[in-house]
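One structure below.
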Amino acid sequence: MKEDIHNETFDGTFPFKPNFKEINGFQMHYVDEGKGEPVVCVHGEPTWGYLYRKFIHPLSKSNRVVVPDHMGFGKSDTPQDKPYTLAQHIDNFTKLLLELDLKDITLVFQDWGGPISFGFATTHPDRVKRLVIMNTGVGVFPAGAKTWISDMEEKGIYEDVMGDMTSFIPRMFASTIIHGTADETMIRAYTAPFPDRASCIGAIAFPRDIPVGDHHPSAGTMRSIQEKLSLLSDKAKIIIWGMQDPIFPKRMLDWWKKVYPSTESHELPEAGHFLQEDEPEKIVAIIINFLRKNP
2 MKEDIHNETF DGTFPFKPNF KEINGFQMHY VDEGKGEPVV CVHGEPTWGY
52 LYRKFIHPLS KSNRVVVPDH MGFGKSDTPQ DKPYTLAQHI DNFTKLLLEL
102 DLKDITLVFQ DWGGPISFGF ATTHPDRVKR LVIMNTGVGV FPAGAKTWIS
152 DMEEKGIYED VMGDMTSFIP RMFASTIIHG TADETMIRAY TAPFPDRASC
202 IGAIAFPRDI PVGDHHPSAG TMRSIQEKLS LLSDKAKIII WGMQDPIFPK
252 RMLDWWKKVY PSTESHELPE AGHFLQEDEP EKIVAIIINF LRKNP
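This is the structure:
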(Lines of atoms letter the chains of each structure in order from A and count residues from 1; the text may use other names and numbers.)
(Lines give C-alpha, C1' and ligand atoms only; values in the text may rest on other atoms or scores of the structure.)
Protein backbone atom coordinates (compact mmCIF):
# COMPACT_ATOMS: atom_id res chain seq x y z
CA MET A 1 0.00 0.00 0.00
CA LYS A 2 1.29 3.47 -0.90
CA GLU A 3 0.03 4.73 2.47
CA ASP A 4 2.88 2.79 4.04
CA ILE A 5 5.42 5.19 2.52
CA HIS A 6 3.48 8.47 2.74
CA ASN A 7 5.51 9.61 5.76
CA GLU A 8 8.67 7.67 4.94
CA THR A 9 11.80 9.83 4.92
CA PHE A 10 14.19 7.06 3.87
CA ASP A 11 16.68 7.50 6.68
CA GLY A 12 16.20 11.27 6.63
CA THR A 13 17.23 11.66 2.98
CA PHE A 14 13.72 12.87 2.03
CA PRO A 15 12.60 14.93 5.05
CA PHE A 16 9.80 16.77 3.28
CA LYS A 17 6.16 17.03 4.32
CA PRO A 18 3.92 14.99 2.01
CA ASN A 19 1.11 16.91 0.30
CA PHE A 20 -1.77 15.41 -1.66
CA LYS A 21 -4.43 16.67 -4.07
CA GLU A 22 -7.21 14.60 -5.55
CA ILE A 23 -6.59 14.79 -9.28
CA ASN A 24 -8.75 12.87 -11.74
CA GLY A 25 -9.94 10.55 -8.99
CA PHE A 26 -6.57 9.61 -7.46
CA GLN A 27 -4.34 11.11 -4.77
CA MET A 28 -1.39 12.89 -6.36
CA HIS A 29 1.58 13.52 -4.09
CA TYR A 30 3.82 16.56 -4.26
CA VAL A 31 6.48 18.28 -2.19
CA ASP A 32 5.84 21.98 -1.57
CA GLU A 33 8.69 23.81 0.18
CA GLY A 34 9.74 27.46 0.42
CA LYS A 35 8.23 30.71 -0.81
CA GLY A 36 8.66 32.84 -3.90
CA GLU A 37 8.36 32.14 -7.60
CA PRO A 38 7.65 28.44 -8.13
CA VAL A 39 10.27 26.00 -9.37
CA VAL A 40 8.55 22.78 -10.44
CA CYS A 41 10.83 19.73 -10.75
CA VAL A 42 9.47 16.92 -12.92
CA HIS A 43 10.68 13.31 -12.92
CA GLY A 44 10.47 10.54 -15.50
CA GLU A 45 10.80 6.74 -15.67
CA PRO A 46 11.00 4.89 -13.26
CA THR A 47 11.81 7.49 -10.61
CA TRP A 48 9.83 9.92 -8.44
CA GLY A 49 10.37 13.18 -6.57
CA TYR A 50 13.21 11.54 -4.63
CA LEU A 51 15.33 12.22 -7.72
CA TYR A 52 15.28 15.93 -6.78
CA ARG A 53 15.89 15.52 -3.03
CA LYS A 54 19.22 17.38 -3.23
CA PHE A 55 17.61 20.25 -5.17
CA ILE A 56 14.75 21.04 -2.82
CA HIS A 57 16.49 22.59 0.19
CA PRO A 58 18.94 24.89 -1.67
CA LEU A 59 16.33 26.04 -4.20
CA SER A 60 13.68 26.60 -1.51
CA LYS A 61 15.84 29.27 0.13
CA SER A 62 14.70 31.71 -2.56
CA ASN A 63 11.85 29.95 -4.35
CA ARG A 64 8.77 27.83 -3.79
CA VAL A 65 9.80 24.34 -4.87
CA VAL A 66 7.06 21.96 -6.01
CA VAL A 67 7.98 18.37 -6.86
CA PRO A 68 5.08 16.16 -7.96
CA ASP A 69 4.99 12.39 -8.36
CA HIS A 70 3.23 11.21 -11.49
CA MET A 71 0.32 8.80 -11.20
CA GLY A 72 1.74 5.35 -10.44
CA PHE A 73 5.04 6.68 -9.10
CA GLY A 74 6.50 7.69 -5.75
CA LYS A 75 3.92 8.49 -3.09
CA SER A 76 1.08 9.09 -5.57
CA ASP A 77 -1.67 6.51 -5.96
CA THR A 78 -1.44 3.76 -8.56
CA PRO A 79 -4.99 3.33 -9.85
CA GLN A 80 -5.49 0.19 -11.91
CA ASP A 81 -8.28 1.61 -14.07
CA LYS A 82 -6.59 4.68 -15.58
CA PRO A 83 -4.77 5.02 -18.91
CA TYR A 84 -1.05 5.50 -18.24
CA THR A 85 -0.53 7.57 -21.37
CA LEU A 86 1.36 10.76 -22.09
CA ALA A 87 -1.92 12.63 -22.52
CA GLN A 88 -3.19 11.40 -19.14
CA HIS A 89 0.04 12.33 -17.35
CA ILE A 90 -0.06 15.80 -18.92
CA ASP A 91 -3.67 16.23 -17.84
CA ASN A 92 -2.86 15.14 -14.27
CA PHE A 93 0.16 17.46 -14.11
CA THR A 94 -1.76 20.38 -15.60
CA LYS A 95 -4.66 20.01 -13.18
CA LEU A 96 -2.27 19.91 -10.22
CA LEU A 97 -0.48 23.11 -11.26
CA LEU A 98 -3.78 24.87 -11.97
CA GLU A 99 -5.21 23.68 -8.65
CA LEU A 100 -2.15 25.19 -6.95
CA ASP A 101 -2.61 28.27 -9.19
CA LEU A 102 1.10 28.46 -9.96
CA LYS A 103 2.34 31.36 -12.09
CA ASP A 104 5.77 32.55 -13.26
CA ILE A 105 6.81 28.89 -13.15
CA THR A 106 10.33 27.62 -13.74
CA LEU A 107 10.02 24.06 -15.06
CA VAL A 108 12.96 21.74 -14.35
CA PHE A 109 12.67 18.37 -16.06
CA GLN A 110 14.36 15.23 -17.39
CA ASP A 111 13.32 12.07 -19.27
CA TRP A 112 9.49 11.78 -19.49
CA GLY A 113 9.34 14.92 -17.38
CA GLY A 114 10.18 16.73 -20.62
CA PRO A 115 7.15 15.82 -22.76
CA ILE A 116 4.88 16.18 -19.72
CA SER A 117 6.28 19.62 -18.85
CA PHE A 118 6.15 20.78 -22.47
CA GLY A 119 2.59 19.45 -22.69
CA PHE A 120 1.68 21.89 -19.92
CA ALA A 121 3.92 24.74 -21.06
CA THR A 122 2.72 24.77 -24.67
CA THR A 123 -0.93 24.99 -23.57
CA HIS A 124 -0.33 27.42 -20.68
CA PRO A 125 2.62 29.55 -21.83
CA ASP A 126 1.28 32.49 -19.83
CA ARG A 127 2.05 30.59 -16.61
CA VAL A 128 5.61 29.62 -17.55
CA LYS A 129 8.58 31.94 -17.09
CA ARG A 130 11.65 29.72 -17.43
CA LEU A 131 12.66 26.25 -18.65
CA VAL A 132 15.52 24.02 -17.48
CA ILE A 133 15.88 21.26 -20.10
CA MET A 134 17.81 18.15 -19.03
CA ASN A 135 18.31 14.87 -20.94
CA THR A 136 14.92 14.57 -22.56
CA GLY A 137 13.33 14.45 -25.97
CA VAL A 138 10.12 15.35 -27.75
CA GLY A 139 9.21 13.60 -30.98
CA VAL A 140 8.02 10.46 -32.76
CA PHE A 141 10.34 7.65 -33.80
CA PRO A 142 10.03 6.39 -37.39
CA ALA A 143 7.89 3.29 -37.83
CA GLY A 144 9.95 0.17 -37.17
CA ALA A 145 12.58 1.99 -35.10
CA LYS A 146 14.13 0.08 -32.22
CA THR A 147 13.86 1.48 -28.70
CA TRP A 148 15.59 0.27 -25.56
CA ILE A 149 12.70 -2.10 -24.83
CA SER A 150 12.45 -3.65 -28.32
CA ASP A 151 14.67 -6.61 -27.50
CA MET A 152 12.71 -7.45 -24.33
CA GLU A 153 9.42 -7.18 -26.20
CA GLU A 154 10.67 -9.50 -28.95
CA LYS A 155 11.78 -12.06 -26.37
CA GLY A 156 8.43 -11.83 -24.59
CA ILE A 157 10.03 -10.92 -21.25
CA TYR A 158 9.21 -7.21 -21.09
CA GLU A 159 6.38 -7.36 -18.55
CA ASP A 160 8.25 -9.84 -16.36
CA VAL A 161 11.28 -7.53 -16.26
CA MET A 162 9.46 -4.22 -15.85
CA GLY A 163 6.88 -5.72 -13.51
CA ASP A 164 9.67 -6.46 -11.03
CA MET A 165 11.08 -3.03 -10.23
CA THR A 166 12.66 -4.37 -7.04
CA SER A 167 15.11 -6.24 -9.29
CA PHE A 168 15.16 -3.87 -12.26
CA ILE A 169 16.01 -0.64 -10.44
CA PRO A 170 19.24 -1.84 -8.74
CA ARG A 171 20.46 -3.23 -12.09
CA MET A 172 19.48 -0.01 -13.85
CA PHE A 173 21.38 2.20 -11.44
CA ALA A 174 24.39 -0.12 -11.47
CA SER A 175 24.72 0.56 -15.19
CA THR A 176 23.72 4.25 -15.25
CA ILE A 177 25.17 5.95 -12.16
CA ILE A 178 28.44 7.54 -13.24
CA HIS A 179 29.57 8.98 -9.89
CA GLY A 180 29.86 6.40 -7.12
CA THR A 181 27.25 3.74 -6.51
CA ALA A 182 23.62 3.62 -5.49
CA ASP A 183 23.63 3.00 -1.74
CA GLU A 184 21.14 0.85 0.14
CA THR A 185 18.94 3.79 1.22
CA MET A 186 18.73 5.13 -2.31
CA ILE A 187 17.76 1.73 -3.73
CA ARG A 188 15.13 1.32 -1.01
CA ALA A 189 13.68 4.75 -1.79
CA TYR A 190 13.40 4.06 -5.50
CA THR A 191 12.00 0.54 -5.12
CA ALA A 192 9.59 1.28 -2.23
CA PRO A 193 6.76 2.49 -4.52
CA PHE A 194 6.85 -0.85 -6.38
CA PRO A 195 6.25 -3.67 -3.87
CA ASP A 196 4.38 -5.91 -6.32
CA ARG A 197 3.43 -6.39 -9.97
CA ALA A 198 0.25 -4.26 -9.77
CA SER A 199 2.20 -1.30 -8.38
CA CYS A 200 4.46 -1.35 -11.46
CA ILE A 201 1.69 -0.54 -13.94
CA GLY A 202 2.98 3.00 -14.52
CA ALA A 203 6.59 1.89 -14.92
CA ILE A 204 5.52 -0.79 -17.40
CA ALA A 205 3.48 1.71 -19.41
CA PHE A 206 5.95 4.57 -19.84
CA PRO A 207 8.46 2.82 -22.17
CA ARG A 208 5.63 1.37 -24.24
CA ASP A 209 4.27 4.89 -24.63
CA ILE A 210 7.35 5.97 -26.59
CA PRO A 211 5.69 6.76 -29.93
CA VAL A 212 7.16 4.63 -32.71
CA GLY A 213 5.41 5.48 -35.96
CA ASP A 214 2.51 7.84 -36.53
CA HIS A 215 -0.04 5.14 -35.71
CA HIS A 216 1.16 4.87 -32.09
CA PRO A 217 -1.59 6.02 -29.67
CA SER A 218 0.63 8.79 -28.23
CA ALA A 219 2.07 9.97 -31.56
CA GLY A 220 -0.60 12.64 -31.97
CA THR A 221 0.01 14.04 -28.50
CA MET A 222 3.76 14.11 -29.03
CA ARG A 223 3.49 15.68 -32.49
CA SER A 224 1.20 18.38 -31.13
CA ILE A 225 3.73 19.25 -28.42
CA GLN A 226 6.59 19.28 -30.92
CA GLU A 227 4.71 21.60 -33.27
CA LYS A 228 4.07 24.07 -30.44
CA LEU A 229 7.62 24.29 -29.05
CA SER A 230 8.06 27.61 -30.84
CA LEU A 231 5.43 29.13 -28.54
CA LEU A 232 8.10 29.03 -25.83
CA SER A 233 10.88 30.64 -27.86
CA ASP A 234 10.72 33.86 -25.85
CA LYS A 235 11.00 32.13 -22.46
CA ALA A 236 14.26 32.17 -20.51
CA LYS A 237 15.74 28.71 -20.84
CA ILE A 238 18.87 26.72 -20.22
CA ILE A 239 20.01 23.24 -21.25
CA ILE A 240 21.93 21.01 -18.82
CA TRP A 241 23.04 17.68 -20.28
CA GLY A 242 24.64 14.54 -18.89
CA MET A 243 27.00 13.54 -21.69
CA GLN A 244 27.21 9.85 -20.77
CA ASP A 245 23.56 9.10 -21.47
CA PRO A 246 22.91 6.23 -23.92
CA ILE A 247 19.17 7.01 -23.96
CA PHE A 248 19.51 10.70 -24.85
CA PRO A 249 22.97 11.01 -26.44
CA LYS A 250 24.66 14.15 -27.76
CA ARG A 251 22.57 14.22 -30.93
CA MET A 252 19.51 14.97 -28.78
CA LEU A 253 21.37 17.85 -27.14
CA ASP A 254 22.23 19.13 -30.62
CA TRP A 255 18.56 18.83 -31.60
CA TRP A 256 17.50 21.05 -28.69
CA LYS A 257 20.13 23.60 -29.67
CA LYS A 258 18.51 23.79 -33.11
CA VAL A 259 15.01 24.08 -31.64
CA TYR A 260 16.10 26.88 -29.31
CA PRO A 261 19.17 28.53 -30.90
CA SER A 262 21.41 30.68 -28.70
CA THR A 263 20.16 28.94 -25.56
CA GLU A 264 22.88 28.64 -22.93
CA SER A 265 23.92 25.01 -22.47
CA HIS A 266 26.03 23.18 -19.92
CA GLU A 267 27.56 19.83 -20.81
CA LEU A 268 28.37 17.60 -17.84
CA PRO A 269 31.00 15.08 -18.99
CA GLU A 270 30.81 13.03 -15.79
CA ALA A 271 27.02 12.67 -15.73
CA GLY A 272 24.68 10.20 -17.39
CA HIS A 273 20.93 9.81 -17.82
CA PHE A 274 20.19 10.38 -14.13
CA LEU A 275 22.29 13.52 -13.94
CA GLN A 276 20.40 14.62 -10.82
CA GLU A 277 22.11 11.72 -9.03
CA ASP A 278 25.50 12.20 -10.67
CA GLU A 279 26.01 15.96 -10.34
CA PRO A 280 23.31 17.44 -8.07
CA GLU A 281 25.44 20.22 -6.58
CA LYS A 282 26.68 21.38 -9.99
CA ILE A 283 23.19 21.40 -11.46
CA VAL A 284 21.70 23.27 -8.50
CA ALA A 285 24.44 25.91 -8.76
CA ILE A 286 23.72 26.32 -12.48
CA ILE A 287 19.98 26.66 -11.82
CA ILE A 288 20.46 29.21 -9.02
CA ASN A 289 22.70 31.29 -11.27
CA PHE A 290 20.17 30.98 -14.12
CA LEU A 291 17.35 32.21 -11.85
CA ARG A 292 19.44 35.19 -10.72
CA LYS A 293 20.38 36.15 -14.29
CA ASN A 294 16.78 35.92 -15.49
CA PRO A 295 14.66 37.65 -12.82
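If you read the sequence shown in my numbering, its first letter stands for residue 2, the second for the next number, and so on. Every residue, glycine too, gets a C-beta built ideally from N, C-alpha and C. Quick caveat: nothing in here was measured; it's all calculated off a predicted structure.
Backbone secondary structure at residue i - three-state DSSP
i	result
H58	helix
I170	helix
N20	strand
I1	No statement about residue 1 is possible, as the shown extent of the chain runs from 2 to 296 and does not include it.
G73	coil
Q126	Residue identity differs from the one stated: residue 126 is Pro in this sequence, not Gln. Here P126 sits in helix by DSSP.
Q28	strand
E34	strand
R293	helix
Residue interval of the beta strand (DSSP E) (run including residue i)
i	result
K130	129-135
R252	Run containing R252: none in the beta strand (DSSP E); it sits in the alpha helix (DSSP H), 251-260.
A272	265-273
C43	According to the sequence as given, residue 43 is Val; it is not Cys. Where V43 is concerned, the enclosing beta strand (DSSP E) stretches over 39-43.
Outcome for residue i when other beta-carbon atoms lying within 10 angstroms are tallied against a minimum of 16
i	result
L99	exposed
R131	buried
N290	exposed
E46	buried
R54	buried
A204	buried
W256	exposed
Residue span of the alpha helix (DSSP H) that contains residue i, given as start and end
i	result
L108	Careful: L108 lies outside any alpha helix (DSSP H), inside the beta strand (DSSP E) at 106-111.
G243	Segment 237-245 is the beta strand (DSSP E) holding G243; no alpha helix (DSSP H) there.
V139	Per DSSP, V139 belongs to no alpha helix (DSSP H) and is neither H nor E.
F94	87-100
D279	276-279
D161	159-163
Proximal residues to residue i (C-beta, below 6 angstroms), its chain only, five neighbours per side dropped
i	result
L52	H44, Q277
Cβ-based neighbour list, residue i, same chain, cut-off 7 angstroms, excluding 5 preceding and 5 following
i	result
L97	K22, I24, M29, Y31, P69
P19	H7, N8, H30, K76
Cβ separation of residue i and residue j, assumed to be a contact under 8 angstroms, to the nearest whole Å
i	j	result
F11	T186	6 angstroms
F15	A190	7 angstroms
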